[in-house]
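To keep things clear, I will list the structure first and then write my remarks on it.
Protein chains: 2
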Amino acid sequence: MNLSPGQLDLLFQALGDPTRRAILERLARGPATVTELAAPFDMALPSFLGHVRKLETSGLVETAKHGRSRTVTLVPGAFTPVRSWLDEQRALWEGRLDRFDAYVQTLMQEKRDEP
Amino acid sequence: MNLSPGQLDLLFQALGDPTRRAILERLARGPATVTELAAPFDMALPSFLGHVRKLETSGLVETAKHGRSRTVTLVPGAFTPVRSWLDEQRALWEGRLDRFDAYVQTLMQEKRDEP
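From first to last, the protein sequence lines are chains S and C. For what it's worth, full-length UniProt numbering labels the leading residue of the first sequence as 1, then goes sequentially. For what it's worth, full-length UniProt numbering labels the leading residue of the second sequence as 1, then goes sequentially.
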């Protein structure tokens, strides 16, 4: 994974907004035009386009112009850096619990070995 | 999971910063005082405390005062809402691929059945 510095920042920041997450949830079902995507939202088009642009900058979606409409598509594997970071945190955390467990086992063994 | 509205926003926003992610990576190895946490960062203490406060507001960490120092602890399971949302996206995406696969199978079957 060739992750540019700040890419993880952009990804998490893009996900920190309910409109942008709703757009991604819709796109997980398949590509859509900007007009289709905007329909459920009571929002001025420029604001809505700002959200789409933020998703595009983060690398989560791609857009392409077809005639007079613009189609938005989810980028396959775009969530991978986010998942990888979370998996690393879990591994660190579980490693810590394993070490704690081993420590408790050692204490208990010492207790049993006491005369 | 009792998730208040906006909680997912706060979580993703908290994760969208390299200093805050570094703090979480450190805390995955065990609790630390604010002084210990701040040591690796070339940052004024008020700015650093702002990051700790943002992590606390999002529910990712807890802080407790012990004498003159403040200990910061990772909250177990705090990443769960983030993971759940990502898992939902993956399920939607895979459901879509399965449906596409079934559609292609149907097309191929129809092709074979042609006289």
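Glycine included, C-beta positions come from ideal geometry on N, C-alpha and C.
- The Cβ of leucine 15 of chain C sits closer than 8 Å to at least one Cβ of chain S.
- Looking at the backbone, the Cα of valine 104 of chain S and that of arginine 29 of chain C are separated by about 17 Å.
- For valine 72 of chain S, the secondary structure class from DSSP, reduced to helix, strand or coil, is strand.
- Under the DSSP assignment, alanine 64 of chain S falls outside any alpha helix (DSSP H), being part of the beta strand (DSSP E) whose first and last residues are 61–66.
- For proline 40 of chain C, none of the residues of chain S pass the 9 Å Cβ criterion, the least Cβ distance being about 16 Å.
- The straight-line gap separating the alpha-carbon atoms of lysine 54 of chain C and arginine 99 of chain S is approximately 29 Å.
- Beta-bridge pairing by DSSP links threonine 33 of chain C to C:Thr71.
- Around the beta carbon of glutamine 109 of chain S, fewer than 16 other beta carbons lie within 10 angstroms, which makes this residue exposed.
- In the structure shown, the three-state DSSP call for phenylalanine 12 of chain C is helix.
- Using a Cβ-Cβ cut-off of 8 Å, valine 82 of chain S counts as an interface residue toward chain C, since at least one Cβ of chain C sits closer than that to its own.
- Sequence-distant Cβ neighbours of valine 34 of chain C in its own chain, meaning closer than 6 Å and more than five residues away, are Arg70.
- Setting aside the 5 residues that flank it on each side, alanine 38 of chain S is surrounded in the same chain by Phe48, each with a C-beta closer than 6 Å to its C-beta; the list follows chain order.
- With contacts defined by Cβ atoms closer than 8 Å, leucine 24 of chain C and leucine 74 of chain C form a contacting pair.
- Across the structure, alanine 32 of chain C and alanine 14 of chain C are spaced so that their CA atoms are roughly 19 Å apart.
- Residue-level contact check: alanine 28 of chain S touches chain C, since one or more beta carbons of chain C fall below 8 Å from its beta carbon.
- Under the criterion of beta carbons closer than 8 Å, valine 52 of chain C and valine 72 of chain C qualify as touching, at roughly 6 Å.
- Restricting attention to C:Trp85, C:Arg96, C:Glu62, C:Arg68, the CA atom closest to the CA of phenylalanine 12 of chain C is found in C:Trp85.
- Under a 10 Å Cβ-count criterion, glycine 16 of chain S is classified as buried, with 16 or more other Cβ atoms of the shown protein chains found around its own Cβ.
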